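Colleague:
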Ligand SMILES: *Cc1c(COP(=O)(O)O)cnc(C)c1O
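Residue numbers (the working numbering): 5 to 422.
1) Ignoring anything shorter than 4 residues, give me the alpha helix (DSSP H) runs that lie fully in the region 48-80, in order along the chain.
2) Whether or not the region 218-232 and the region 188-199 are in contact is what I'm after, with contact meaning three or more pairs of Cβ atoms, one per stretch, closer than 8 Å; do they touch?
3) Please classify residue 71 as buried or exposed, where buried requires at least 16 other C-beta atoms within 10 Å of its C-beta.
4) With DSSP as the reference, identify every bridge partner of residue 257, one or two as the case may be.
5) Going straight from the alpha carbon of residue 33 to that of residue 24, what length do you get?
6) Should residue 267 be listed as close to ligand 1, given that the test is whether its C-beta is under 7 Å from any heavy atom?
7) If you draw a straight line from the alpha carbon of residue 128 to that of residue 115, how long is it in whole angstroms?
8) Tell me whether residue 116 counts as near ligand 1, meaning its Cβ is closer than 7 Å to at least one heavy atom of that ligand.
9) Measure the alpha-carbon distance for residue 153 versus residue 285 and round it to whole angstroms.
10) Reducing DSSP to helix, strand and coil, say where residue 354 ends up.
11) In chain order, which continuous runs of the beta strand (DSSP E) of length 3 or greater are located wholly inside the region 317-399?
12) With which residues is residue 167 paired in a DSSP beta bridge?
13) Does DSSP put residue 220 in a helix, in a strand, or in coil?
14) Bridge partners of residue 104, per DSSP?
15) Taking the alpha carbon of residue 84 as the reference point, which residue from 305, 292, 319 and 140 has its own alpha carbon closest?
16) Does any heavy atom of ligand 1 sit closer than 7 Å to the C-beta of residue 297?
17) If you draw a straight line from the alpha carbon of residue 388 to that of residue 358, how long is it in whole angstroms?
18) So for residue 207, helix, strand or coil by DSSP?
19) Check whether the Cβ atoms of residue 372 and residue 413 lie closer than 8 Å to each other.
20) Near residue 337, which residues of its chain fall below 6 Å by C-beta distance, leaving aside the five closest residues on each side in sequence?
21) How many angstroms separate the CA atom of residue 99 from the CA atom of residue 224?
22) Taking 7 Å as the cut-off, is the C-beta of residue 10 nearer than that to any heavy atom in ligand 1?
23) Quick check on residue 339: buried or exposed, where buried means 16 or more other Cβ atoms within 10 Å of its Cβ?
24) From residue 207 to residue 68, what does the alpha carbon distance come to, in whole angstroms?
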């Protein structure tokens, strides 16, 4: 029996937990030699493909040179290269790069930066606004700014109170009115997942709405925190989702695809006034945050290689091609029984499956997953939402296999419900 306690896994259900021994491109290979197509980029992290040779080489070379270094008061070349590469690639307003090691921690850092800014500039603001159905991670602060539900109910006593702005319906007037009203009360910041709410069910809204939300925040002195942990690195069709709305957030969170999905690394980028609010000869105003592995050199080397891929390979063209293929795949499923609300933003395609009469919603996702597993496809529905978020290198053959697996799983789900 394994001693491993897995994340988001109910061990009591004794569902199979396959062992994966290697990966390449869009494929995983299990211990018994089975090839599995990674339809969700190993939980939204793998962008170019697994084990990209240039990223692997960068990790190997860096591991032999400098493995780890205290980052308070010391620096190293890979971290400097990541910071220089990010500031060159992203909007020039985002001048400062703070390192951490996961999506959750870069969100925690963003919240602390926002509160630090308001504390040091004496505005008296501390309340955080969030968008309904959001997900920002699983640490206490990140859970506090995320949707409440069964997954965090036991920890509710530890979560801080936030102002929740309703998710846009139709033209989004409901969201804009609520945001305008909430902003008048003088909150510190508004944190959003731009264009796509991931864990909330791949819920999508328009760039125009994002632009309007940003404008309301700006008009009221409310810092805009863009959590692009999932949407960044090309997922929504552009390098950043914010690009499509011509929005530059005050604070930007990046993780998952920052290393191409190969190593844990995250950054929180900030506009200059946020850095300046902490800048002083007074030690009490420094930014009090660190973790042991802040800017780990090996992870930074992977990020440097990822940045080089973005500069030197036709990544944007690959994303456009994949987006078109996913749209065709989605269109071909639209008429199947039970398929509703098909939607796509960039390389994220999703639809909802109407639960047949007598169907039992919480049993649906595991049943679908078992069916996908048999077909050699890794997909992990969110409730009754089936979505695809493959690595950008996935080819048409593998997409056809994924499509067949979805068609089969839908048919099976319908059979079992009768
Ligand atoms: C995955 C995710 C996080 C959390 O990232 P971890 O690396 O899993 O801690 C935060 N925000 C968004 C939008 C995410 O999708």
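Just so you know, even glycine gets a beta-carbon here, dropped at the ideal spot from N, CA and C. None of these values were measured; they are calculated from a predicted model.
Modeller: Judging by the given coordinates:
1) As far as the region 48-80 is concerned, its whole alpha helix (DSSP H) runs of at least 4 residues are 57-67.
2) Touching, per the Cβ criterion.
3) Exposed, by the Cβ-count rule.
4) DSSP output for residue 257 lists 231 and 272 as bridge partner(s).
5) Their backbone Cα atoms lie some 6 Å apart in a straight line.
6) No, the Cβ of residue 267 stays beyond 7 Å of every heavy atom of ligand 1.
7) Straight through space, the alpha carbons of residue 115 and residue 128 are spaced by roughly 15 Å.
8) No.
9) Whole-angstrom Cα-Cα distance: 44 Å.
10) In this structure, residue 354 counts as strand in the three-state DSSP scheme.
11) Fully enclosed beta strand (DSSP E) runs of 3 or longer: 343-349, 352-357 and 389-392.
12) Note: residue 167 sits in a beta bridge opposite 133.
13) Note: residue 220 maps to helix in three-state DSSP.
14) Residue 104 pairs with 270.
15) Ranking 305, 292, 319 and 140 by Cα distance to residue 84 puts 305 first.
16) No, the beta carbon of residue 297 sits no closer than 7 Å to any heavy atom of ligand 1.
17) Rounded to whole angstroms, residue 388 to residue 358 spans 7 Å at the Cα level.
18) Of the three classes helix, strand and coil, the one that applies to residue 207 here is strand, per DSSP.
19) Cβ distance < 8 Å, so residue 372 and residue 413 count as in contact.
20) Within the same chain, residue 337 has close Cβ partners 343.
21) Cα to Cα, residue 99 sits roughly 22 Å from residue 224.
22) Residue side-chain check: residue 10 keeps its Cβ at 7 Å or more from all non-hydrogen atoms of ligand 1.
23) Its Cβ having fewer than 16 others within 10 Å, residue 339 is exposed.
24) Take the alpha-carbon of residue 207 and the one of residue 68: they are about 43 Å apart.
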